[in-house]
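K.L.:
Mature numbering (1 follows the signal peptide of the UniProt record, and there is no 0) puts the sequence shown at residues -18 to -1, 1 to 488.
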Amino acid sequence: MVFVVEAIISALLSASLQVLFDRISPRTNLIEFFHRHKFDEILFKNLETTLLQVNAVLSDAEEKQITNLSVRQWIDELKDAAYHTVDLLDEIHSLALAESQASNSSALNRVVQKSKSKLEKMTEKLENIVKHKDVLGLKESFSGKPSLRLQLTSLVDETEVYGRGTDKKKIMDFLLSVSNSTRGSSISELGGLLLLRGKLTILELQNVRNVEDTENAKLKDKENVEELEFNWSSNLQFDDFIDYPALQTLHIESCNYPTNFTLNLFSKLKFLQIQDCRYLRFLEISEELHHQELSFFQMLEISECPNMELFSGRGLPAPNLTTFSISNCNNLRSMPEQMHMLLSSLQTLNISGCPRLVSFPDGGLPPSLQILTIKNCVNLTPQIAWGLRNMASLTCLAIECAYANVTSFPDEGLLPASLTFLQISEFPVLKTLNLSGLQHITLLKDLQIHSCNQLQILSDGSLPSSLSSLTIAGCSLQLKDWCKRDRGIYWDKISHIPTQSITATN
């Protein structure tokens, strides 16, 4: 049964890629809309290149996911990103449909600009996911665009809005009124849509006059809504809006509220994305519900929340959380307590742009972790106390940070023997690659060192014999000379590596 489900997921991913290829085809009206609103053509070239790279390795990934948990996780992340990109392009398509009837062009332009920013971020997210294909050893077997075609879109087009006749008419009237009215639609108009199910998106919410508007919208009565996206600037409490027993996916973007978010209000929540919420400070667990586990929770992504400081002191009781990403939260001071016990299924952890984060809580990281990325966290220096060496599942480690005081890396006993991929980048004063901290990693295949301009010494010891690829980009001229074939003093240390690329800073 598991294999059947995975085959269905792979088929849906292939179909989603096909939809994306179709959306960015030069023949579509969507491209004309992009040109009218001055979308950067490079953005679409990058998106198309990324999709081609995914498609080239998809067949190999589908085969390997059966026995390789890391590949399965990669496919899950890719699928989620692809689906959200499809939804975003469909939202833009809806704007294109409404453009001819819009009387308030400035309001439409604001929405278009936000959509452009979203598309740039989604393209970057896809690019970052695709970068891991080499780490996972996925091989190309390019055979053109995906041939499987399934209807996965959510276009707000009258021919593709489904439901009972009266509800369908109300939905179309509501959507069109956003473009035809300078005042905009009131959220209370959603009150008549009694049978909404699936995904509900509320964007540019600026005309909420009071709490009574939200009550008239009867959002709490829409028990079949499984995915909810909010983007609003009204000064209303978030708790006034939401109580969805079936909610599985929640996106909150560019909202003045909440200042705190209570995770366990949503018993079936699987995916949570919070972006650009400048007042958010805490993620917490309700005291009344602290005994309940977030048993459905699988993915948490927080970004661009500059005042985010802390997680609940009780930690996150999410035993099935597999992906955790937090980025550009300048005031974040700590990660969730008891991560090593409460996040027992965590496979991927990405931390980026959190300069006040100094260390992980007592107990270290979950032993289930397979991929760890730390980027631009200037004070989060790897320590033996983290217990990385004992993490037998960790295969991929990438550290890209401006550590001001690290002159030698890695320390002996710091890294686990299970690593197959190691990348270190932008260590401004790193002078020595400590081989004694690497030689025990007998499974290491790919070692990458980028933009470490002062790097000049390979210490005593040897690099693992398992290495098949070594990349040093942006080192000192001295190190480049010392690694030259046959005559460099370090040649004997690297001569066994089949693929080598060593370049110096100009």
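Positions of the beta carbon are idealized from the N, C-alpha and C atoms, including for glycine.
#1: So, does the region 99 to 119 touch the region 383 to 400, judging by three or more C-beta pairs under 8 Å?
#2: Quick check on DSSP: helix, strand or coil for I322?
#3: By Cβ distance, which residues of its chain are closer than 6 Å to S125, with the 5 residues on each side in sequence left out?
#4: Can you give the Cα-Cα distance for G297 and M104, rounded to whole angstroms?
#5: Counting C-beta neighbours from all protein chains within 10 Å, is the total for N91 16 or more, i.e. buried, or is it exposed?
#6: With DSSP as the reference, label L379 as helix, strand or coil.
#7: Entirely within the region 391 to 479 and at least 4 residues each: give me those alpha helix (DSSP H) ranges in chain order.
#8: Consult DSSP for F223 and reduce its assignment to one of helix, strand or coil.
#9: Residues bridged to A353 by DSSP?
#10: Which same chain residues, not among the five before or five after D442, have their C-beta less than 8 Å away from its C-beta?
#11: What residues are listed by DSSP as bridge partners for F253?
#12: Below 8 Å on the Cβ atoms is my contact criterion, and I expect F409 with W368 to pass it. Report the Cβ-Cβ distance as a whole number of Å.
#13: Using the Cα positions of F293 and C383, report the straight-line distance between them to the nearest angstrom.
#14: Compare the Cα-Cα distances from K121 to each of A38, T241, Q482 and K27 and report the closest residue.
#15: For K107, count neighbouring Cβ atoms within 10 angstroms of its own Cβ and tell me buried if that reaches 16, exposed if not.
#16: According to the neighbour-count rule (16 or more other Cβ atoms, all chains shown, within 10 Å of its Cβ), is K20 buried or exposed?
#17: Which of helix, strand or coil does DSSP assign to T481?
#18: On the criterion of 16 or more Cβ atoms from any shown chain inside 10 Å, does L178 qualify as buried, or is it exposed?
#19: Return the chain-ordered list of same chain residues with a C-beta closer than 6 Å to the C-beta of I381, the five sequence neighbours on each side being excluded.
#20: Quick check on this structure: which residue in T304, E275, Q482 and C259 has the alpha carbon closest to the alpha carbon of M281?
#21: Does DSSP put E266 in a helix, a strand or coil?
#22: Any idea what DSSP makes of L25, helix, strand or coil?
#23: Which residues in the same chain have their Cβ closer than 6 Å to the Cβ of S268, if we skip the five residues on either side of it in sequence?
#24: Rounded to the nearest angstrom, how far is the Cβ of I439 from that of I484, given a contact under 8 Å?
#25: Can you name the start and end residues of the beta strand (DSSP E) that F342 belongs to?
#26: Could you check which residue in S236, P299 and L265 has the C-alpha nearest to that of L276?
#27: Rounded to a whole number of angstroms, what is the C-alpha to C-alpha distance between I234 and Q257?
P.N.:
Checking against the coordinates, here is how it stands:
#1: no
#2: First, the amino acid is wrong: residue 322 is His here, not Ile. Note: H322 maps to helix in three-state DSSP.
#3: Because the pLDDT of S125 is 45, which lies under 50, any placement of that residue in the model is unreliable, and the question is left without a value.
#4: 29 Å
#5: It counts as exposed.
#6: strand
#7: 459 to 464 and 473 to 476
#8: Low per-residue confidence applies at F223: pLDDT is 49, beneath 50, and the placement is therefore not dependable enough to give any value.
#9: The displayed chain sequence assigns Ile, not Ala, to residue 353. As a beta-bridge residue in DSSP terms, I353 pairs with T330 and C378.
#10: Counting only Cβ-Cβ distances below 8 Å, and skipping sequence neighbours, we find L417 and S418.
#11: T231 and M281
#12: At roughly 18 Å, the Cβ-Cβ gap does not stay under 8 Å, so F409 and W368 are not in contact.
#13: 23 Å
#14: A38
#15: So K107 ends up on the buried side.
#16: exposed
#17: Looking at T481 - three-state DSSP - the assignment turns out to be strand.
#18: Low confidence applies here, because L178 scores a pLDDT of 49, under 50, leaving its location unreliable; read the following figure in that light. L178 should be labelled buried.
#19: I356 and I406
#20: T304
#21: strand
#22: Reduced to three states, the DSSP call for L25 is helix.
#23: T244 and N246
#24: With 8 Å as the limit, I439 and I484 do not qualify as a contact, their Cβ atoms being about 14 Å apart.
#25: Taken as a continuous stretch (DSSP letters only), F342 belongs to no beta strand (DSSP E), as it is neither H nor E.
#26: P299
#27: 6 Å
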